[in-house]
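**Q** Chains as they are written, first to last, in my numbering: chain Y, 13 to 334; chain W, 9 to 292.
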Amino acid sequence: MEKLLTVNNLNLNFNTFKGKNKVLRNINIDVNKSEVLGIVGETGCGKSVLALSILGLVPKPGEITGGQIYFRQKNLLELSDKELENIRGKNISLIFQSPMSALNPVFKVKKQMMEVILAHSNKSKKEALKEALRLLNLVRVPEPESVLECYPHELSGGMAQRVVISMAISSQPALLIADEPTTALDVTIEKQIIRLMKNIKEELETSLIFISHDLEIIKQIAERVAVMYAGNIVEIGDCNDILNSPIHPYTKALIKAVPSRIKRGQELQGIEGIVPELIDLPEGCIFESRCEKSIAKCKEGSPPKLKNVSENRYVACFNFEG
Amino acid sequence: MMKSNKYKYIYKVFLSNKLSVIGALIVIIFLLVGFVGPFIVPYSPETMDYSNVLSAPTFKHLFGTDEFGRDLMSRVVYGARVSITIGLIVILISRIIGIILGIIAGYSGGVFDDIIMRFVDLFMAFPPVVIAMVIATIMGGGVKTLIIALSISMWTGVARLARGETLSIKQNEYILSTKAVGGSKFHIMWHHILPNILPPILISSTLSFGRIVLSTAGLSFIGVGVQPPIPEWGLIISNGREYIVSGEWWLVFFPGLAIMITVMGLNLLGDGLRDIFDPKERKL
């Protein structure tokens, strides 16, 4: 399969007064053409930062200290700002968590959509307006004409997210990154948006990176899943394989903690302990302090690397090293 | 359908505050007087009449006449035009400089921010009167001097306001999402930040207008601003002050009243506008 995006040994620090916060460490992922890669992990594990670093939008004081991000054989980290601006929105688009704050409150939907369309094409204003209507129809917005005349605060959350999605796909990007696009929405709308994203992915043949902390959502949309913990990827594999037979102890614990798998009356299962500080990294495996299967090797030396355990399946755990 | 409601709402909020309505009325009258007043006053402000000097208010000369027999009412009415012209030009110059530098400082941060804001500190360290006197010494008094001096001392406040607003607006996700669809720095500053910071700038402009009217009068009074024979309120007061002791009160009273009412009207209007744009400050 053709690889669209390859992230190679990506390292990212946030330089704070306390020291270097090593938020991403040796991240390796790749996304194939027209595939949905899910990224799951708990809050603060670096999912969103990873998404932003692909677009070169890491906020200060974040700093990429090593690695490469190849998009169509071009290393995005070596491009100039101008070249990146051309790739953003045109080839890679990002959909944000809260649709209401992703739209500028002082402009009508029409102006914001046309701005994006005109930025990446040489259409006339009339054609852009037509295109905006077509896109709104594509994301199944009822009465697109009146939505265009609305200000963002006049839209519901689900409607606003549809508008945001339609803007993100306006130039048919090869890669769409959705950073928890349904977190701010209620459950019924969440279902609709996920179905919509699936359809769009089929229709436009884009690749999709879908970031979420919710395994249930990932299950509905992703083909492959990467599990992140404290700035590391601990396991990558096909979605079904990972959810049905997790290998890494963290993935196992995460799946056990999903509330819908627990019967009524049973106590909810959490993961003991807390995520360690990323400034003074402990030696060995980062998950060691919370791991049930910790062995002597986990407590010292360098952290485990992703190892191929079966076809398409990579795990970073000393327990499964040959 | 939403639109008419919105305007109705603004209308209602504005009308609910009696003081801001009074302020708006005063400002409208001030502007009317400034624009059409000079065409309807019966005397030219510069025609002298030595047979009728220092006349107390009569029906022929409602505000009385000055030491050259000039009609004081015509002079005060012309004074409104002078104040409006100077006010608008200073507002325009100081807003343009302040907004541009403020947005650049707030959005770029880092070295740009430091350089621009230290410049602001530098200019704020000198009171407007001192700046005006320095410039007056260099280029001589006059309207030009006044405009330059006031613009120099007024852009700093705007720059700080624009910078502060920019800092808070740039945190919003729609700025990040504009970047994510490929928006350039200039595009974001011009199309996304500028429209968002205009309401507070507008409010501050109304309030500054009042300050400019006051400063113009003040600086002209001490002689570094508008020069005679231009009928300017501060200048009229300055000329008339020697006659207070001999009982010719109208020479300082009417221009003084004009300054007071105008500045009050502008301030009340500014407060009313703030209520509309900033619901958090609204009195219930």
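Note that beta-carbon positions come from the ideal geometry of N, C-alpha and C, so glycine has one too. All values reported here derive from a predicted model rather than from experimental measurement.
DSSP state of LEU215(W), grouped into three classes?
**A** Correct three-state label for LEU215(W): helix.
**Q** Which of helix, strand or coil does DSSP assign to MET9(W)?
**A** With a pLDDT of 41 at MET9(W), under the threshold of 50, the predicted position of this residue should be treated as unreliable, though the coordinate-derived value follows. Reduced to three states, the DSSP call for MET9(W) is coil.
**Q** Would you mind listing the alpha helix (DSSP H) stretches within the region 247–281 of chain W that are 4+ residues and don't spill past its ends, in chain order?
**A** Correct list: empty.
**Q** Tell me which same chain residues have a C-beta within less than 8 Å of the C-beta of TYR182(W), skipping the five on either side of it?
**A** So the qualifying residues of the chain are HIS200.
**Q** List, in order along the chain, the chain W residues whose C-beta lies closer than 7 Å to that of ALA114(Y)?
**A** The answer, in chain order, is GLU181, TYR182 and SER185.
**Q** So VAL128(Y) contacts chain W; which residues on that side make the cut at Cβ distance below 9 Å?
**A** Simply THR186, VAL189, GLY190 and GLY191.
**Q** On the CB-based measure, 16 or more other CB atoms within 10 Å of its CB, does GLU304(Y) come out buried or exposed?
**A** Exposed, since its Cβ has fewer than 16 Cβ neighbours within 10 Å.
**Q** What's the call for PRO258(Y), buried or exposed, on a 16-neighbour Cβ count within 10 Å?
**A** Result: buried.
**Q** Please identify, using Cβ separations under 9 Å, the residues of the region 177–191 of chain Y that lie next to chain W, in order along the chain.
**A** Going along the region 177–191 of chain Y in chain order, one finds MET179, ALA180, SER182, SER183 and ILE189 with a Cβ nearer than 9 Å to chain W.
**Q** Taking the DSSP output, what are the residues bridged to ALA190(Y)?
**A** In the DSSP output, where bridge partners are listed per residue, ALA190(Y) has ILE107(Y) and PHE222(Y).
**Q** Taking its Cβ as the centre, do 16 or more other Cβ atoms sit within 10 Å of THR200(Y), making it buried, or is it exposed?
**A** THR200(Y) comes out exposed.
**Q** Looking at the unbroken beta strand (DSSP E) that takes in THR28(Y), where does it start and where does it end?
**A** Where THR28(Y) is concerned, the enclosing beta strand (DSSP E) stretches over 15–28.
**Q** Decide if LEU27(W) is buried, meaning its Cβ has at least 16 other Cβ atoms within 10 Å, or exposed.
**A** Exposed, because fewer than 16 other Cβ atoms sit within 10 Å of the Cβ of LEU27(W).
**Q** Please name the residue or residues paired with ARG236(Y) in a DSSP beta bridge.
**A** Partner(s): LEU49(Y) and ASP250(Y).
**Q** Excluding sequence positions up to five away, which residues of its chain have a Cβ less than 8 Å from the Cβ of MET171(Y)?
**A** Closer than 8 Å at Cβ, skipping near neighbours: VAL153 and VAL159.
**Q** For TYR326(Y), name the three-state secondary structure that DSSP assigns.
**A** In the structure shown, TYR326(Y) sits in a strand (DSSP, three-state: E or B).
**Q** When the Cα atoms are used, what is the spatial distance from GLU289(Y) to ASN116(Y)?
**A** About 36 Å.
**Q** Tell me which residues share the same chain as SER213(W) and place their Cβ nearer than 7 Å to its Cβ, disregarding the 5 neighbours each side in the sequence.
**A** Closer than 7 Å at Cβ, skipping near neighbours: ILE99 and ARG103.
**Q** Using a Cβ cut-off of 9 Å, pull out every chain W residue sitting near VAL287(Y), in sequence order please.
**A** Neighbours of VAL287(Y) on chain W: none; closest Cβ ~25 Å, over 9 Å.
**Q** Who pairs with PHE83(Y) in a beta bridge, going by DSSP?
**A** Looking at the DSSP assignment, PHE83(Y) forms a beta bridge with LEU17(Y) and LYS86(Y).
**Q** Just to confirm my understanding: we take ILE105(W), look at its own chain, exclude 5 residues before and 5 after, and list those with CB closer than 7 Å. What are they?
**A** Result list for ILE105(W): TRP163, in chain order.
**Q** Any beta carbon of chain W sitting closer than 9 Å to that of ALA140(Y)?
**A** By this cut-off, ALA140(Y) is not an interface position.
**Q** Which residues bound the beta strand (DSSP E) around ASN38(Y)?
**A** It spans 31–44 - the beta strand (DSSP E) in which ASN38(Y) sits, taken as one unbroken run.
**Q** Kindly indicate the opening and closing residues of the alpha helix (DSSP H) around VAL90(W).
**A** Counting along the chain, the alpha helix (DSSP H) containing VAL90(W) begins and ends at 80–116.
**Q** If we require 4 or more residues per run, which alpha helix (DSSP H) segments fall completely within the region 32–57 of chain W?
**A** DSSP runs (the alpha helix (DSSP H)) wholly in the region 32–57 of chain W: none.
**Q** Are the C-beta of ASN204(W) and some C-beta of chain Y separated by less than 9 Å?
**A** At least one chain Y Cβ lies under 9 Å of ASN204(W).
**Q** Scan the region 141–202 of chain W and note each continuous alpha helix (DSSP H) run of 4 residues or more that stays entirely inside, going in chain order.
**A** If we require 4 residues or more, the alpha helix (DSSP H) runs fully inside the region 141–202 of chain W come out as 151–177 and 181–188.
**Q** Expressed to the nearest angstrom, what Euclidean distance is found between the alpha-carbon atoms of THR28(Y) and LEU266(Y)?
**A** Cα to Cα, THR28(Y) sits roughly 30 Å from LEU266(Y).
**Q** For HIS200(W), return the contacting residues in chain Y, with the cut-off set at a CB-CB distance below 8 Å.
**A** Correct list: ASN116.
**Q** Consider the Cβ of ALA144(Y): report whether some Cβ of chain W lies at a distance smaller than 9 Å.
**A** It does not; no Cβ of chain W falls within 9 Å.
**Q** Applying the criterion that 16 or more other CB atoms from any shown protein chain within 10 Å of the CB defines a buried residue, is THR270(W) buried or exposed?
**A** Result: buried.
**Q** Only counting the same chain, and skipping five residues up and downstream in sequence, which positions put a Cβ closer than 6 Å to that of PHE232(Y)?
**A** The question names Phe, but residue 232(Y) is Gln in the sequence shown. So the list reads ILE206, once near-sequence residues are dropped.
**Q** Would you report the Cα separation of GLY68(Y) and LEU96(Y), rounded to the nearest angstrom?
**A** Using only the alpha carbons, I get a separation of about 7 Å.
**Q** Under 8 Å Cβ-Cβ, which residues of chain W neighbour LYS102(Y)?
**A** In chain order: GLY190.
**Q** Establish whether the CB of HIS260(Y) and some CB of chain W are separated by less than 9 Å.
**A** No - not a single Cβ of chain W is within 9 Å of the one on HIS260(Y).
**Q** So is LYS34(Y) in contact with chain W if we call contact Cβ pairs under 9 Å?
**A** Closer than 9 Å: no.
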